[in-house]
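*Asks:* Using the numbering used here, you'd call the opening residue of the sequence shown number 6 and step up by one each time. Could you have a look at this structure, given as structure tokens, before my questions?
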Amino acid sequence: MIIFISDVLNQDALSRAREAAAGLSFEPGQTTAGWHARSVKANSQAMPSAGLRVLQQRIVKAIEAHPVVQMSALPRLMTPPLISRYGPGDAYGRHVDDAVMGTPPMRSDLSATLFLNDPDAYDGGELIIEGPGGEEAIKLAAGSLVLYPSTSLHQVAPVTKGERLVAVTWIQSLVADEAARAILFDLAQAKQQMFEQAGKSPAFDLLAKSYANLLRRWARP
Ligand SMILES: O=C(O)CCC(=O)C(=O)O
Ligand SMILES: [Fe+2]
């Protein structure tokens with residue numbers, strides 16, 4: 006399942022993030038790709054620095070704090086985001102993300118792209134994700150996040166004009182199985198809607214109990 010979440014960063018947070026990114030030094034992105042993804046990766050990434058760490062912390066906080074991220078991804082661990090820049094001619098060819106990454110190692114269950122500049126700031130640069138129903142080309146407003154299964158083949162189409170600026174991160178979920186996560190997301194939404202429409206009721210209690218007990222079965226904290 007591909008999930009779109011708008012307003013993960015508001016206008017104020019966005020301009021601060023863009024300002025911080027403008028002050029960072031960038032290097033070729035090949036350094037952080039797995040060996041087979043490296044051959045198709047052509048972009049720039051922010052180099053480690055104190056400024057990068059502050060920006061990464063702000064972005065992680067905003068992503069984690071979002072209620073839809075909590076409900077859909079059930080995050081347990083998240084990598085510090087890469088700040089990636091794609092100028093004209095840059096692209097990231099078809100690849101699958103590493104299954105295990107970082108120190109200490111974590112499993113990538115969900116991949117996430119947070120768009121830091123607007124779609125009209127660049128031509129091309131769609132994130133193309135392959136799913137059972139075919140390809141989906143994604144280009145979201147600044148401040149919006151796309152979450153997708155790390156099991157998918159995906160690519161970033163060449164940028165032909167302007168600059169694409171994104172933060173890219175990976176999430177290890179409390180629930181590794183994508184199908185189980187999808188059921189829990191449906192139930193969490195149903196629980197919320199039922200509560201909003203009719204308050205607490207015996208039916209709500211049963212739904213809440215089922216949700217909690219499924220999560221208890223499936224979660225690996
Ligand atoms: O820039 C993006 O939206 C995704 C980049 C990507 O696929 C990666 O860094 O592995
Ligand atoms: Fe990727």
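All C-beta atoms, glycine included, are put in the ideal place defined by N, C-alpha and C. Nothing here was measured: the structure is a model prediction, and the numbers come from that model.
1) Inspect the beta-carbon positions of Q177 and D114 and report whether they are closer than 9 angstroms.
2) Excluding the five sequence neighbours on either side, which residues of its own chain have a C-beta within less than 6 angstroms of the C-beta of R169, listed in chain order?
3) Just to confirm my understanding: we take A38, look at its own chain, exclude 5 residues before and 5 after, and list those with CB closer than 7 angstroms. What are they?
4) Is Y97 a contact residue of ligand 2, with contact defined as CB to any heavy atom under 8 angstroms?
5) Counting Cβ pairs closer than 8 angstroms, one from the region 177–194 and one from the region 64–80, do we hit at least three?
6) Roughly how many angstroms separate the alpha carbons of H71 and D17, rounded to a whole number?
7) In chain order, what residues of the same chain have a beta carbon less than 8 angstroms from the beta carbon of E183, not counting five sequence neighbours either side?
8) Specify, as a first and last residue, the run of the alpha helix (DSSP H) that M76 falls within.
9) Which stretch, first to last residue, makes up the beta strand (DSSP E) that contains K166?
10) May I ask you to check if the CB of D125 is nearer than 8 angstroms to at least one heavy atom of ligand 2?
11) Just to check, is the beta-carbon of L14 closer than 8 angstroms to a non-hydrogen atom of ligand 1?
*Replies:* In short:
1) yes
2) Y91, Y127, G130
3) K46
4) yes
5) yes
6) 16 angstroms
7) M6, D114, P154, T156
8) 72–78
9) 164–167
10) no
11) no
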